[in-house]
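**Q**
2 protein chains.
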Amino acid sequence: MAEIRHVDVLEPLLKANDYLARRLQQEWTDRGTLVVNLLSSPGAGKTTLLEATLRQMRDRFRILVLEGDIETDRDAERIRALGVDAVQITTGGTCHLEAHMIEQAWRPLADRTGYDFIFIENVGNLVCPASYALGEHLRVVLLSVPEGDDKPKKYPKAFRTASVLLITKWDLLPHFDFNPDHAQREALDLNPDLTVLRLSARTGEGIDAWIRLLEESRQRIRSSR
Amino acid sequence: MAEIRHVDVLEPLLKANDYLARRLQQEWTDRGTLVVNLLSSPGAGKTTLLEATLRQMRDRFRILVLEGDIETDRDAERIRALGVDAVQITTGGTCHLEAHMIEQAWRPLADRTGYDFIFIENVGNLVCPASYALGEHLRVVLLSVPEGDDKPKKYPKAFRTASVLLITKWDLLPHFDFNPDHAQREALDLNPDLTVLRLSARTGEGIDAWIRLLEESRQRIRSSR
Numbered sequence: 675m676a677e678i679r680h681v682d683v684l685e686p687l688l689k690a691n692d693y694l695a696r697r698l699q700q701e702w703t704d705r706g707t708l709v710v711n712l713l714s715s716p717g718a719g720k721t722t723l724l725e726a727t728l729r730q731m732r733d734r735f736r737i738l739v740l741e742g743d744i745e746t747d748r749d750a751e752r753i754r755a756l757g758v759d760a761v762q763i764t765t766g767g768t769c770h771l772e773a774h775m776i777e778q779a780w781r782p783l784a785d786r787t788g789y790d791f792i793f794i795e796n797v798g799n800l801v802c803p804a805s806y807a808l809g810e811h812l813r814v815v816l817l818s819v820p821e822g823d824d825k826p827k828k829y830p831k832a833f834r835t836a837s838v839l840l841i842t843k844w845d846l847l848p849h850f851d852f853n854p855d856h857a858q859r860e861a862l863d864l865n866p867d868l869t870v871l872r873l874s875a876r877t878g879e880g881i882d883a884w885i886r887l888l889e890e891s892r893q894r895i896r897s898s899r
Numbered sequence: 675m676a677e678i679r680h681v682d683v684l685e686p687l688l689k690a691n692d693y694l695a696r697r698l699q700q701e702w703t704d705r706g707t708l709v710v711n712l713l714s715s716p717g718a719g720k721t722t723l724l725e726a727t728l729r730q731m732r733d734r735f736r737i738l739v740l741e742g743d744i745e746t747d748r749d750a751e752r753i754r755a756l757g758v759d760a761v762q763i764t765t766g767g768t769c770h771l772e773a774h775m776i777e778q779a780w781r782p783l784a785d786r787t788g789y790d791f792i793f794i795e796n797v798g799n800l801v802c803p804a805s806y807a808l809g810e811h812l813r814v815v816l817l818s819v820p821e822g823d824d825k826p827k828k829y830p831k832a833f834r835t836a837s838v839l840l841i842t843k844w845d846l847l848p849h850f851d852f853n854p855d856h857a858q859r860e861a862l863d864l865n866p867d868l869t870v871l872r873l874s875a876r877t878g879e880g881i882d883a884w885i886r887l888l889e890e891s892r893q894r895i896r897s898s899r
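Protein chains in written order, with this note's numbering: chain P, 675 to 899; chain Z, 675 to 899.
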């Protein structure tokens with residue numbers, strides 16, 4: 675066996691999390707699995723959006739949901755009630771998911787079946803999860819109408835690093851002093867490449883556009899292989 | 675000068691943040707200043723609650739507000755517009771306030787005037803701020819109706835370490851599937867000593883009880899001196 679004498683490091687060493695996230699992303703791309711990381715404050719409607727999404731997609735696609743929470747496995751139970759595979763990751767106090775947690779949750783399932791989509795619901799926190807890549811192809815930040823239209827500039831990293839902004843609980847607009855154009859302009863100032871959708875999981879408004887975006891994104895990674 | 679030969683450490687050394695927080699709390703108690711740390715998700719209504727509170731208290735008390743945000747000084751501007759002293763602390767990415775930030779913001783003002791109340795509005799984050807004492811006498815967690823009644827057990831530390839839970843945006847109850855008794859029961863399971871109030875900064879419902887609680891808490895620390 676030849677002795678290793680020299681290793682060229684072609685790029686700066688990535689931190690452990692980023693290294694693992696990049697490896698996961700490559701693996702998912704090779705498998706044709708689109709991976710989505712959902713990120714928001716607590717109560718912005720991540721699980722409710724997932725439920726509405728899965729109801730429309732579960733018959734056509736193989737889907738896995740990874741649910742991140744500090745404690746309780748309530749969210750995974752809500753997903754399983756729809757007949758969709760779900761794994762609960764409880765972080766035990768940690769305020770965000772990291773790539774190694776995703777790796778540990780997903781690896782045992784990797785060869786059981788090929789998934790078309792994996793949805794990761796991050797811990798409810800608009801700050802810390804923005805700093806941890808999980809290997810996702812799409813980072814999606816939710817901003818709910820009740821939270822207020824001033825949030826993008828106050829919590830900029832989530833909006834800067836996402837590719838999609840969903841303005842959720844759109845049906846509640848009449849009850850709040852929320853200017854959607856202002857919120858959207860602030861978010862686009864931070865990140866001009868952001869795709870912005872407005873939707874309500876309760877009434878179904880905007881859900882079709884969101885699902886179209888998911889399917890097109892999956893087509894894109896499949897044709898990039 | 676006698677040489678120091680021996681120091682008795684009577685209790686376990688506190689971590690730096692806790693040590694500083696305890697020193698700040700003692701100093702505020704000595705001065706008769708009640709200090710309140712407001713903690714919640716983004717958009718639960720901390721600044722709006724403060725505005726409603728200050729409108730009723732500003733003529734009778736000397737008040738300082740310390741506003742924590744990741745970026746922007748919008749919240750401090752909102753407070754100053756009411757004629758109340760406010761200092762913005764921007765953390766530049768850090769997801770919570772720490773005692774040394776409070777010390778740096780408050781120290782230059784310490785001898786200018788005696789404050790009756792100091793309100794600290796923490797960074798909008800239901801997770802990380804719960805781990806950092808700031809020297810407050812009262813830790814107050816806000817849970818807004820739109821966030822959902824399942825949050826206490828999912829984000830337990832904030833509810834475990836607070837002395838007061840405010841259920842905010844109470845006027846929106848008819849528009850949401852939020853069971854206040856369920857939320858309250860979950861919070862009390864985690865922390866039986868929690869005082870729970872329901873209020874709406876918009877309609878004013880419950881604000882009087884909240885202000886009474888603040889004034890009584892101040893009386894209590896003043897008579898403990």
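Ideal Cβ placement from N, Cα and C applies to all residues, glycine included.
Nearest to Z/Ile737 by alpha carbon, out of Z/Phe791, Z/Ala807, Z/Glu725, Z/Ile763?
**A** When only C-alpha atoms are compared, the closest one is Z/Phe791.
**Q** Since Z/Leu712 sits in a beta bridge, which residues does DSSP pair it with?
**A** Paired residues: Z/Glu795, Z/Val814.
**Q** For the beta strand (DSSP E) that P/Thr787 lies in, which residues bound it at each end?
**A** First-last for P/Thr787: undefined, no H or E at that position.
**Q** Quick check: the Cα distance between P/Val709 and P/Glu810, rounded to an integer number of angstroms?
**A** Spanning the two alpha carbons is a distance of roughly 5 Å.
**Q** Buried or exposed: which applies to P/His770, given that a residue is buried once 16 or more other Cβ atoms fall within 10 Å of its Cβ?
**A** Flag for P/His770 reads buried.
**Q** Might you give, ordered along the chain, the residues of its own chain that have their beta carbon closer than 8 Å to the beta carbon of Z/Leu873, omitting 5 neighbours on each side?
**A** Taken in chain order, the residues that qualify are Leu723, Leu840, Ile841, Thr842, Trp844, Glu879, Gly880, Ile881, Ala883, Trp884.
**Q** So, does the CB of Z/Asn853 fall closer than 8 Å to a CB anywhere in chain P?
**A** Cβ-Cβ to chain P under 8 Å: no for Z/Asn853.
**Q** Thinking P/Ala833 and P/Leu812 are a contact (beta carbons under 8 Å), I'd like their distance in whole angstroms, please.
**A** At residue 833 of chain P the sequence reads Phe, which differs from the Ala that was named. The pair is not a contact, with the Cβ atoms about 14 Å apart (cut-off 8 Å).
**Q** Contact defined as beta carbons within less than 8 Å: I believe Z/Gly822 pairs with P/Gly717. What is the distance between those atoms, to the nearest angstrom?
**A** Between P/Gly717 and Z/Gly822 the Cβ distance is about 5 Å, and since that is below 8 Å, they are a contact.
**Q** When you compare the segment 787 to 807 of chain Z with the segment 798 to 807 of chain P, are there three or more beta-carbon pairs, one atom per stretch, that lie closer than 8 Å?
**A** These segments touch.
**Q** Let me know the secondary structure DSSP gives Z/Asp863 once reduced to three states.
**A** Looking at Z/Asp863 - three-state DSSP - the assignment turns out to be helix.
**Q** So with CB distances below 7 Å, who are the chain Z contacts of P/His907?
**A** A question about residue 907 of chain P goes unanswered here, because the residues of chain P that appear run from 675 up to 899.
**Q** Let's test the definition: count the other Cβ atoms within 10 Å of the Cβ of Z/Arg894 and tell me whether it reaches 16, buried, or not, exposed.
**A** Answer is exposed; the Cβ neighbour count stays below 16.
**Q** What number of angstroms, rounded off, separates the C-alpha of P/Gln699 from the C-alpha of P/Leu808?
**A** P/Gln699 and P/Leu808: Cα-Cα distance of roughly 8 Å.
**Q** So what does DSSP say about Z/Val801, is it helix, strand or coil?
**A** Of the three classes helix, strand and coil, the one that applies to Z/Val801 here is coil, per DSSP.
**Q** If you follow the alpha helix (DSSP H) that Z/Ile753 is part of, which residue opens it and which one closes it?
**A** Per DSSP, Z/Ile753 belongs to the alpha helix (DSSP H) from 748 to 754.
**Q** Taking Cβ positions only, does P/Met675 come closer than 8 Å to chain Z?
**A** Because the pLDDT of P/Met675 is 44, which lies under 50, any placement of that residue in the model is unreliable, and the number read from its coordinates should be weighed accordingly. No, because no Cβ of chain Z sits closer than 8 Å to the Cβ of P/Met675.
**Q** Mind checking if P/Ile744 is an interface residue toward chain Z, Cβ cutoff 8 Å exclusive?
**A** Yes, because at least one Cβ of chain Z sits closer than 8 Å to the Cβ of P/Ile744.
**Q** Could you tell me which whole beta strand (DSSP E) segments of length 3 or greater appear in the segment 818 to 889 of chain Z?
**A** You should have 838 to 842, 869 to 872.
**Q** Using the DSSP secondary-structure output, state which residues sit across from Z/Asp743 in a beta bridge.
**A** Answer is Z/Thr764, bridged to Z/Asp743.
**Q** Can you tell me whether P/Leu738 is helix, strand or coil according to DSSP?
**A** Residue state, collapsed to three classes: strand.
**Q** Name the DSSP beta bridge partners of Z/Asp692, please?
**A** BP columns for Z/Asp692 are empty, so no partner.
**Q** Taking the C-alpha atoms as reference points, what is the distance between Z/Ser897 and Z/Thr787?
**A** Answer to the nearest angstrom: the Cα atoms are 21 Å apart.
**Q** Is the Cβ of P/Glu701 closer than 8 Å to any Cβ of chain Z?
**A** Answer no: the Cβ-Cβ gap between P/Glu701 and chain Z never drops below 8 Å.
**Q** Is the Cβ of P/Ser874 closer than 8 Å to any Cβ of chain Z?
**A** Chain Z, which has no Cβ nearer than 8 Å to the Cβ of P/Ser874, makes this no.
**Q** Should Z/Thr721 go down as buried or exposed, given a rule of 16 or more other Cβ atoms within 10 Å for buried?
**A** Burial call: buried.
**Q** Applying a beta-carbon distance threshold of less than 7 Å, which residues of chain Z neighbour P/Asp824?
**A** Correct list: Arg748.
**Q** Quick one: list the residues of chain Z neighbouring P/Glu821, beta-carbon separation under 7 Å, in chain order.
**A** The answer, in chain order, is Pro716, Gly717.
**Q** For the candidate residues P/Ala690, P/Asp749, P/Tyr829, whose alpha-carbon lies nearest to that of P/Ile763?
**A** Of the candidates P/Ala690, P/Asp749, P/Tyr829, the one whose C-alpha sits nearest the C-alpha of P/Ile763 is P/Asp749.
**Q** Run down chain Z in chain order and give the residues with a C-beta less than 9 Å from the C-beta of P/Val801.
**A** By Cβ distance, chain Z contributes Pro716, Ile744, Gly767, Thr768, Cys769, His770, Val797, Gly798, Asn799, Val801, Cys802.
**Q** I need the DSSP call for Z/Ser898, collapsed to helix, strand or coil.
**A** Z/Ser898: coil per DSSP, three-state reduction.
**Q** Any idea which residues DSSP pairs P/Asp759 with across the strands?
**A** DSSP, once it has assigned bridges, lists P/Leu738 as partnering P/Asp759.
**Q** For P/His770, name the three-state secondary structure that DSSP assigns.
**A** Three-state result, P/His770: coil.
**Q** Is the distance from the Cβ of P/Val814 to the Cβ of P/Leu713 below 8 Å?
**A** For P/Val814 and P/Leu713, yes; Cβs fall inside 8 Å.
**Q** Quick check on Z/Arg732: does DSSP put it in helix, strand or coil?
**A** If DSSP states are grouped into helix, strand and coil, Z/Arg732 belongs with coil.
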